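Enquirer: Just so we're on the same page, my numbering is the position in the sequence shown counted from 1, plus 29.
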Amino acid sequence: MDLPIPEREFDFVVIGGGTAGLAVASRLTEDSAVHVVVLEAGQAHLGDPKISRPEQVTQTFGDPQYDWLFKTEKQPFSGDNEYTWSRGKGLGGSSAMNYFCWTKPPAADVDAIEKLGNPGWNWDEYMKYSMRSETFHPPATDDPDAPGLSFEPKFRGKDGPIHSSIAFPYNDIDELTQQTLVNKGLRRLKDPYGGDITGVSTASSNVNPSDYTRSYAATGYFESARDRPNLVVLTEAMVSRVLFSEKTGEEGKTATSVEYIHEGRTCLVHIRAQGEVILSAGAIQSPKILELSGIGRPEVLAAIGVDMKIQLDGVGENVQEHTSMDVSFELARSFPSTAKPPSGPGITAFAYLPLTAATSNASALIDLAVEQVQTRCLGSLAPGLKEQLDLQLDALRDDTTPDFEVVAFPGFKSPVSTPDPAKRYFTMVTVLNHPFSRGTIHAKSADPLDHPSIDPRYFENDFDLELHVQHIKYIRGLAATEPMKSAIVREVDPGPEYISDEDIREYIKKYHWTTWHTIGSCSMLPKEKNGVVDPELKVYGTTNLRVVDLSVIPLHIAAHTQTTVYMIAEKAVDIIRGNRT
């Protein structure tokens, strides 16, 4: 049980050297009196061009050195298909392999988290902590009329560890898409980072324009902290469980050490008195580690042969995931080149819109959603779920809150057809932001090397499938609107054989894909509402175990999620520091 690192006791043990874990460790070790160890299951990958170069963004996907390659269970409402959920494996976690989308949700989505019983988790706090993580670089142009490059300095961070920038020169596919969306009735936003994202905008990317490299948790947070004597980072260290004091009469269980596997050996790292464990293994691994530690639902723990320490029925429940669809088009030969500059990772044109702006049938669809929720409420609902569904219905009714996301991708992106290399293409990507379906993530065995059982229950609530249908129909409406109408030759996929709503539904079941934005598996909610952590991110029933990652978000948001993870980490550090003073 020897510890292969220079200290045997630490003030903080951080489980996971990913997006949140490295941010927390870096901030905590700014105090030289605080000693932190980070246990990361993957390799370091520092300086690896597969990670750092934007043009190689897809090279890590599917490679087990970089990618956890999780698999879902078969999905009965989605053709019995299994889906691969890629996640970053190594320092920086998924911030080392994402598509560079630096976006923020609407203020209403964040305020909904507070409404569910989490004081202090509101839009003002979101802005405070998300801006703390960012250094924004204005676009490299003096042209005030350059399309899509406007911004509000008051919404952008100035001295944070993560660099964000707007690609310039502007991509012609982006302008084609945005002008078409404006002609379809959407407004152009000056800046989508102040809580209002409804309309058309150009997103920033986490790319450092000084050398056109990925700016992520390892370069932004870890590199500046790696030589601190009070920080130890151990890679290829797979955490198996958290161990607790067996003393009776305590108000809660106190974590005393963390068990992990390194080079085939089982090892322990110990926590000093008044110290804490920070669980930042992500929305897929964090609930598994809690369950292997004896925290969770009795039936799950019994099935894997783990003695129960703390009963928390919300562990691994309330899972929500964004899903996407691709609609690909062949471009006319007369259309300009779609090449991006080196600083441009390729996804920067975004539109968010309410259901009422996407279809004239919005009223009937909202009635359908209400009916489905009411029918569901007649049965057995998980504690706290009704409150979430009610907030989702309120958002649907609000014609200022976005339900649809549309993204322009300057190339061919479809799992069906094979592109002709002599032709040029672009793809419209849709994202379902606020799914009504709820899934689960649970440990399958007591072996820490086993991946958990992932069951997102795609389309268990049929309204999610209906919203996807409306997404595709909306994009087809864009294709019939100038200037997009004149720029395309044909729709490649789904194509003309999928016209009726029923045909589109079947296509979606076959070809939709994950957007890698899983939340909710360790939800921040009141304990009686199936909460796992309280508003200070502390696991119920413990004195010194917190979860700091995307798993704590209890209700999904209309945004790509890396910015939110950094926000959670920055806020968590202030919470921890406040409790230590």
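All C-beta atoms in this analysis are idealised placements derived from N, C-alpha and C, irrespective of residue type, glycine included.
Quick caveat: nothing in here was measured; it's all calculated off a predicted structure.
Taking the alpha carbon of serine 123 as the reference point, which residue from Thr592, Ile604 and Gly607 has its own alpha carbon closest?
Expert: Taking the first residue of the sequence shown as position 1, residue 123 is located at position 94. Comparing Cα-Cα distances from serine 123 to each of Thr592, Ile604 and Gly607, the minimum goes to Thr592.
Enquirer: Cβ of aspartate 342 within 8 Å of Cβ of asparagine 559?
Expert: Here the question's residue 342 lines up with position 313 in the sequence shown. Here the question's residue 559 lines up with position 530 in the sequence shown. Cβ distance < 8 Å, so aspartate 342 and asparagine 559 count as in contact.
Enquirer: Mapping DSSP to helix, strand and coil, what is cysteine 551?
Expert: Walking along the sequence shown from the start, residue 551 turns up at place 522. Cysteine 551: coil per DSSP, three-state reduction.
Enquirer: How about serine 357 and threonine 459: are their beta carbons less than 8 Å apart?
Expert: What you label residue 357 is simply residue 328 of the sequence shown in a count that begins at 1. What you label residue 459 is simply residue 430 of the sequence shown in a count that begins at 1. Taking 8 Å as the Cβ cut-off, serine 357 and threonine 459 do not qualify as a contacting pair.
Enquirer: Closest by CA to arginine 467, which one among Thr447, Arg505, Asp225 and Gln421?
Expert: Translated into the one-based positions of the sequence shown, residue 467 becomes position 438. Comparing Cα positions, the closest option is Gln421.
Enquirer: Measure the beta-carbon distance from glutamate 181 to aspartate 138 and round it to whole angstroms, keeping in mind my assumption that it falls under 8 Å.
Expert: Taking the first residue of the sequence shown as position 1, residue 181 is located at position 152. Taking the first residue of the sequence shown as position 1, residue 138 is located at position 109. About 19 Å; that fails the 8 Å criterion.
Enquirer: Where does the unbroken beta strand (DSSP E) through leucine 263 begin, and where does it stop?
Expert: One-based indexing of the sequence shown puts residue 263 at position 234. Residues 260–263.
Enquirer: In the DSSP assignment, what are the bridge partners of tryptophan 114?
Expert: As a first step, residue 114 is located in the sequence shown; it is residue number 85 there, counting from the start. Looking at the DSSP assignment, tryptophan 114 forms a beta bridge with Phe99.
Enquirer: Taking 8 Å as the cut-off, does the segment 563–573 touch the segment 138–158 (at least 3 CB pairs, one atom from each stretch)?
Expert: The segment 138–158 vs the segment 563–573: in contact.
Enquirer: For a quick check, are the C-beta atoms of isoleucine 579 and valine 594 less than 8 Å apart?
Expert: Taking the sequence shown and counting its residues from 1, the one referred to as residue 579 is at position 550. Taking the sequence shown and counting its residues from 1, the one referred to as residue 594 is at position 565. Note that residue 579 corresponds to leucine in the displayed sequence, not to isoleucine. Contact flag set, yes.
Enquirer: What separation, rounded to the nearest whole angstrom, lies between the Cα atoms of leucine 120 and proline 190?
Expert: Here residue 120 corresponds to residue number 91 of the sequence shown, with the count starting at 1. Here residue 190 corresponds to residue number 161 of the sequence shown, with the count starting at 1. Cα to Cα, the separation comes out at about 15 Å.
Enquirer: From this set, Lys539, Lys600, Ser550 and Ile597, which residue's C-alpha is nearest phenylalanine 106's C-alpha?
Expert: Indexing the sequence shown from 1 puts residue 106 at position 77. Of the candidates Lys539, Lys600, Ser550 and Ile597, the one whose C-alpha sits nearest the C-alpha of phenylalanine 106 is Lys539.
Enquirer: Excluding five sequence neighbours on each side, which residues of the same chain lie with their C-beta closer than 7 Å to the C-beta of tyrosine 155?
Expert: As a position in the sequence shown, residue 155 is number 126, starting the count at 1. Closer than 7 Å at Cβ, skipping near neighbours: Val139 and Met596.
Enquirer: Which ranges does the beta strand (DSSP E) cover as unbroken runs of at least 3 residues, wholly within the segment 401–479, from first to last along the chain?
Expert: Runs found: 433–438, 454–461 and 469–471.
Enquirer: Going by C-alpha distance, which of Asn608, Asp240 and Pro135 is nearest glycine 224?
Expert: Taking the sequence shown and counting its residues from 1, the one referred to as residue 224 is at position 195. Of the listed residues, the one whose Cα sits closest to glycine 224 is Pro135.
Enquirer: Three or more beta-carbon pairs under 8 Å between the segment 301–317 and the segment 475–492, yes or no?
Expert: Yes: the two stretches touch, three or more of their Cβ pairs being nearer than 8 Å.
Enquirer: Could you compute how far the alpha carbon of glutamine 88 sits from the alpha carbon of glycine 214?
Expert: Translated into positions along the sequence shown, residue 88 becomes position 59. Translated into positions along the sequence shown, residue 214 becomes position 185. Roughly 38 Å between the two C-alpha positions.
Enquirer: Do the segment 61–69 and the segment 46–53 meet, that is, are 3 or more Cβ pairs less than 8 Å apart?
Expert: Verdict: yes, contact present.
Enquirer: Can you name, in chain order, every residue of its own chain whose Cβ lies under 7 Å from the Cβ of threonine 285, other than the five neighbours on each side?
Expert: Along the sequence shown, one-based indexing puts residue 285 at 256. Cβ neighbours of threonine 285 beyond the five flanking positions: Leu272, Phe273, Ser274, His299 and Ile300.
Enquirer: What residue range is occupied by the uninterrupted alpha helix (DSSP H) comprising methionine 160?
Expert: If you number the sequence shown from 1, residue 160 lands on position 131. Counting along the chain, the alpha helix (DSSP H) containing methionine 160 begins and ends at 152–161.
Enquirer: Thinking just about the alpha-carbon of each residue, which of Gly76, Lys118, Ala588 and Asp92 is nearest to the one in threonine 430?
Expert: The residue you call residue 430 lines up with position 401 of the sequence shown. Out of Gly76, Lys118, Ala588 and Asp92, Ala588 has the C-alpha closest to the C-alpha of threonine 430.
Enquirer: So, with DSSP's three-state summary, where would you put aspartate 522?
Expert: If you number the sequence shown from 1, residue 522 lands on position 493. In this structure, aspartate 522 counts as strand in the three-state DSSP scheme.
Enquirer: For the segment 85–99 against the segment 123–133, do three or more pairs of beta-carbon atoms, one drawn from each stretch, fall closer than 8 Å, so that the two count as touching?
Expert: With the cut-off at 8 Å, the segment 85–99 and the segment 123–133 touch.
Enquirer: For proline 477, which of Glu346, Leu319, His546 and Pro583 has the nearest alpha-carbon?
Expert: Numbered from its first residue, the sequence shown carries residue 477 at position 448. That would be Leu319, whose Cα lies nearest to the Cα of proline 477.
Enquirer: For serine 162 and lysine 133, what's the separation of their Cα atoms in angstroms?
Expert: Position 133 of the sequence shown, counted from the first residue, corresponds to residue 162. Position 104 of the sequence shown, counted from the first residue, corresponds to residue 133. Roughly 13 Å between the two C-alpha positions.
Enquirer: Between which two residues does the alpha helix (DSSP H) harbouring histidine 500 extend?
Expert: Numbered from 1 along the sequence shown, position 471 holds the residue referred to as residue 500. Element bounds for histidine 500: 491–508.
Enquirer: In its own chain, which residues sit with a C-beta less than 7 Å from the C-beta of asparagine 259, not counting the 5 before and 5 after it?
Expert: Along the sequence shown, one-based indexing puts residue 259 at 230. Taken in chain order, the residues that qualify are Thr58, Ser61, Val63, His64 and Val65.
Enquirer: Please classify methionine 337: does DSSP put it in a helix, a strand, or coil?
Expert: Working through the sequence shown from its first residue, we reach residue 337 at position 308. Coil.
Enquirer: Do you know how far the Cα of phenylalanine 251 is from the Cα of methionine 160?
Expert: If you number the sequence shown from 1, residue 160 lands on position 131. If you number the sequence shown from 1, residue 251 lands on position 222. C-alpha separation (whole angstroms): 18 Å.
Enquirer: Which runs of the beta strand (DSSP E), 3 residues or longer, sit entirely within the segment 59–97?
Expert: The qualifying runs are 65–68.
Enquirer: Identify, in the order they occur along the chain, each residue of the same chain with its Cβ nearer than 8 Å to the Cβ of arginine 329, setting aside the five sequence neighbours on each side.
Expert: Within the sequence shown, the letter at position 300 stands for residue 329. The identity of residue 329 in the sequence shown is valine, whereas the question assumes arginine. Excluding residues within five positions, the ones whose Cβ falls inside 8 Å are Glu320, Val344, Gly345, His471 and Ala472.
Enquirer: If you draw a straight line from the alpha carbon of leucine 382 to that of glycine 228, how long is it in whole angstroms?
Expert: Translated into the one-based positions of the sequence shown, residue 382 becomes position 353. Translated into the one-based positions of the sequence shown, residue 228 becomes position 199. Each residue's Cα considered, the two are about 6 Å apart.
Enquirer: What does DSSP give as the partner residue(s) for phenylalanine 251 in the beta ladder?
Expert: Here residue 251 corresponds to residue number 222 of the sequence shown, with the count starting at 1. DSSP lists no partner for phenylalanine 251.
Enquirer: Using a Cβ-Cβ cut-off of 6 Å (strictly less than) and excluding sequence neighbours within five positions of aspartate 423, which residues of its own chain qualify?
Expert: Indexing the sequence shown from 1 puts residue 423 at position 394. Closer than 6 Å at Cβ, skipping near neighbours: no residue.
Enquirer: Express the C-alpha separation of histidine 166 and tyrosine 289 in angstroms, rounding to a whole number.
Expert: Along the sequence shown, one-based indexing puts residue 289 at 260. Along the sequence shown, one-based indexing puts residue 166 at 137. Going from the Cα of tyrosine 289 to the Cα of histidine 166 covers about 40 Å.
Enquirer: Can you find the residues in the same chain that come closer than 7 Å, C-beta to C-beta, to asparagine 151, ignoring five residues on each side of it along the sequence?
Expert: Position 122 of the sequence shown, counted from the first residue, corresponds to residue 151. The residues are Val139, Asp140 and Glu143.
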